Amino acid sequence: MTIQRVFSGVQPTGNLHLGNYLGAIVNFVKLQATHNCIYCVVDLHAITVPIPVWGGPDELRRNTREVTAAFIAAGIDPKTQVIFNQSQVAGHAELTWVFNCVARLGWLNRMTQFKEKAGKDRENASIGLYDYPVLMAADILLYRATHVPVGEDQKQHLELSRDIAQKFNNDFAASIASNGHNDKYFPLPEPVITGPATRVMSLRDGAKKMSKSDPSDYSRINLSDDADAIAQKIRKAKTDPEPLPSEEKGLEARPEADNLVGIFAALSGRPKADVLREFGGAQFSGFKSNLVDLAVAKLGPLTAEMKRLAQDPGYVEQVLADGAERAGTIAEQTIRDVKDIVGFIRKQ
Ligand code: TRP
Numbered sequence: 002m003t004i005q006r007v008f009s010g011v012q013p014t015g016n017l018h019l020g021n022y023l024g025a026i027v028n029f030v031k032l033q034a035t036h037n038c039i040y041c042v043v044d045l046h047a048i049t050v051p052i053p054v055w056g057g058p059d060e061l062r063r064n065t066r067e068v069t070a071a072f073i074a075a076g077i078d079p080k081t082q083v084i085f086n087q088s089q090v091a092g093h094a095e096l097t098w099v100f101n102c103v104a105r106l107g108w109l110n111r112m113t114q115f116k117e118k119a120g121k122d123r124e125n126a127s128i129g130l131y132d133y134p135v136l137m138a139a140d141i142l143l144y145r146a147t148h149v150p151v152g153e154d155q156k157q158h159l160e161l162s163r164d165i166a167q168k169f170n171n172d173f174a175a176s177i178a179s180n181g182h183n184d185k186y187f188p189l190p191e192p193v194i195t196g197p198a199t200r201v202m203s204l205r206d207g208a209k210k211m212s213k214s215d216p217s218d219y220s221r222i223n224l225s226d227d228a229d230a231i232a233q234k235i236r237k238a239k240t241d242p243e244p245l246p247s248e249e250k251g252l253e254a255r256p257e258a259d260n261l262v263g264i265f266a267a268l269s270g271r272p273k274a275d276v277l278r279e280f281g282g283a284q285f286s287g288f289k290s291n292l293v294d295l296a297v298a299k300l301g302p303l304t305a306e307m308k309r310l311a312q313d314p315g316y317v318e319q320v321l322a323d324g325a326e327r328a329g330t331i332a333e334q335t336i337r338d339v340k341d342i343v344g345f346i347r348k349q
């Protein structure tokens, strides 16, 4: 079996929570057993929103180290995999420019995330926010990655990456061949479908995603919460008056119950059906006690390690520098190829 390359990115926007952990990072950890993985802290993406939103230079540095620490604490091995921050490898910005000239205005105009993030005042959104999906395509294709673990909300962006890869391959087909590459210079990257609780919902409203920007801190479990905070938030989590169902279809139209069972399943690495076989018929109070124990047992070591790493920024930055060095080697090769394919004269 050929080893496939995985690439994914997480924005350093601060306040990492259970949704980031179960929805993304847990899967990143799993994939390292079977794939070569490159995990990127996407600081270039972070600055596409207004400065007060990303927090300014000190916050950005802190948040970049925090995501890196979460990767390491969760168990991604920075020696065998690559962990780095995007701005340390110039190729991301370079390839974005070439892709800006491949991607079409019409394609970007369809991106729903831009519409959501720009809101009503579209004239005032940054060009970077509009171009965000092209930078994301460059992230992935700079490493010619084949597999991209992403949440549901990033599927459209990943499709755009495939469109860009395909159009580049077509537009430059002759040059790609004359430079001695096979006709698919860029692979068409595929999403990696992830486990049970990819979508962790708010603890206050089962219809809303758990989010760092929800005004209520009780809506989320932060990766910086201690055991008491975790316990309190789970005990106060919204539920309905019925006992737990014993089969999965009993969770339909019960979003809060579904969410808590999903969190239990993801934290314990078991299917939801299995959790319901154990807890079907139980009241929420009993189920929640079990969930508190499980969450504290699973998240305690993670958050403790993140705290320890927060005290050792030198080590964390060393991991990023080392990762950038190794990512840079792959990136430079792609940039050389792309320059030759497009017809840019390179320094010999
Ligand atoms: N847009 C992604 C998110 O917000 C982050 C991201 C940036 C990414 N570049 C990427 C994810 C490349 C996968 C691959 O979740």
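Position one of the sequence shown corresponds to residue 2 (our numbering), numbered consecutively onward. Just so it is clear, CB atoms sit at the ideal spot from N, CA and C, and this is done for glycine as well. Since the model is a prediction, treat every value here as computed from it, not as a measurement.
task = Would you identify the three-state DSSP class for S9, choosing helix, strand or coil?
result = Taking the first residue of the sequence shown as 1, we reach residue 9 at position 8. If DSSP states are grouped into helix, strand and coil, S9 belongs with the strands.
task = Give the DSSP bridge partners of N110, in chain order.
result = Position 109 of the sequence shown, counted from the start, is the residue given in the question as residue 110. DSSP lists no partner for N110.
key: Segment limits, beta strand (DSSP E) that includes I222   = For the purposes of this step, residue 222 is taken as the residue at position 221 of the sequence shown. No beta strand (DSSP E) holds I222; DSSP gives it neither H nor E.
query = Are the CB atoms of V42 and Q12 nearer to each other than 9 Å?
reply = Against the sequence shown, residue 42 aligns to sequence position 41. Against the sequence shown, residue 12 aligns to sequence position 11. Yes. Within cutoff.
query = Assuming S220 contacts L204 under a Cβ cut-off of 8 Å, what Cβ separation, rounded to an integer in Å, is found between them?
reply = As a working mapping, residue 220 is identified with position 219 in the sequence shown. As a working mapping, residue 204 is identified with position 203 in the sequence shown. Rounded, the Cβ-Cβ distance is 5 Å, consistent with contact.
ask   = Looking only at DSSP bridge pairs, what is E191 linked to?
value = As a position in the sequence shown, residue 191 is number 190, starting the count at 1. The partner list for E191 (beta bridge, DSSP) reads H148.
query = Is the CB of A238 under 9 Å away from at least one CB in chain B?
reply = Looking at the structure shown, chain B is missing, and only one protein chain is on hand.
inquiry  = Just to check my reading of the structure: A146 and V7 have Cβ atoms closer than 8 Å, yes? What is that Cβ distance to the nearest angstrom?
reply    = The count along the sequence shown starts at 1 and reaches residue 146 at position 145. The count along the sequence shown starts at 1 and reaches residue 7 at position 6. With a Cβ gap of about 6 Å, A146 and V7 count as contacting.
query = In angstroms, rounded to a whole number, what distance separates the CA positions of T14 and S179?
reply = Numbered from its first residue, the sequence shown carries residue 14 at position 13. Numbered from its first residue, the sequence shown carries residue 179 at position 178. Cα atoms of T14 and S179: separation of roughly 43 Å, rounded to the nearest angstrom.
key: For L159 and V149, believed in contact at Cβ under 8 Å, the rounded distance   = Residue mapping note: residue 149 aligns to position 148 of the sequence shown, counting from 1. Residue mapping note: residue 159 aligns to position 158 of the sequence shown, counting from 1. Correct: roughly 6 Å between the Cβ atoms.
task = Run the CB neighbour count on L367, radius 10 Å, all protein chains shown included, and call it buried at 16 or more, exposed below.
result = Residue 367 is absent from the structure shown; the chain starts at 2 and stops at 349.
ask   = Taking the C-alpha atoms as reference points, what is the distance between Q33 and Q319?
value = Position 32 of the sequence shown, counting from 1, holds the residue named residue 33. Position 318 of the sequence shown, counting from 1, holds the residue named residue 319. Going by the C-alpha atoms only, they are around 21 Å apart.
inquiry  = Distance check for I331 and P79, CA to CA, integer angstroms please.
reply    = By one-based count along the sequence shown, residue 79 stands at place 78. By one-based count along the sequence shown, residue 331 stands at place 330. Computed Cα separation, rounded: 16 Å.
ask   = Any idea what DSSP makes of V30, helix, strand or coil?
value = Here residue 30 refers to the residue found at position 29 of the sequence shown. In this structure, V30 counts as helix in the three-state DSSP scheme.
ask   = Less than 9 Å separating the beta-carbons of L17 and E67?
value = Working through the sequence shown from its first residue, we reach residue 17 at position 16. Working through the sequence shown from its first residue, we reach residue 67 at position 66. In contact: L17 and E67 (Cβ atoms closer than 9 Å).
query = What residues in its chain sit with their C-beta under 8 Å from that of L130, if we drop five residues either side in the sequence?
reply = Sequence index remark: in the sequence shown, residue 130 carries index 129 (1-based). Excluding the 5 residues flanking it on each side, L130 has same chain C-beta neighbours closer than 8 Å at T49, V50, F115, K118, A119, in chain order.
key: Contact set for H93: own chain, Cβ-Cβ below 8 Å, skip 5 residues either direction   = By 1-based counting over the sequence shown, the position of residue 93 is 92. Excluding positions up to five away in sequence, the list reads L45, Q87, L136, A139, D140, L143, A332.
inquiry  = For V42, list the residues DSSP reports as bridge partners.
reply    = By one-based count along the sequence shown, residue 42 stands at place 41. Beta-bridge pairing links V42 to V11, N86.
ask   = Going by other Cβ atoms of all chains shown within 10 Å of its Cβ, with 16 needed for buried, is N28 buried or exposed?
value = On the sequence shown, position 27 is the one that residue 28 refers to. N28 is buried by the Cβ-count criterion.
ask   = Can you find at least 3 beta carbon pairs, one from the stretch 285-304 and one from the stretch 209-217, that sit closer than 8 Å?
value = no
task = Say whether the stretch 233-249 touches the stretch 172-188, bearing in mind that this needs 3 or more beta-carbon pairs closer than 8 Å, one atom from each stretch.
result = no
request  = Throw me the rounded Cβ distance for the M202 and P256 pair, which I believe falls under 8 Å.
outcome  = Position 201 of the sequence shown, counted from the start, is the residue given in the question as residue 202. Position 255 of the sequence shown, counted from the start, is the residue given in the question as residue 256. About 7 Å; that satisfies the 8 Å criterion.
request  = Just the C-alpha distance for D241 and C38, rounded to the nearest angstrom, thanks.
outcome  = Position 240 of the sequence shown, counted from the first residue, corresponds to residue 241. Position 37 of the sequence shown, counted from the first residue, corresponds to residue 38. Going from the Cα of D241 to the Cα of C38 covers about 41 Å.
ask   = Is it buried or exposed for W55, if we count other Cβ within 10 angstroms and need 16 for buried?
value = Taking the first residue of the sequence shown as 1, we reach residue 55 at position 54. W55 should be labelled buried.
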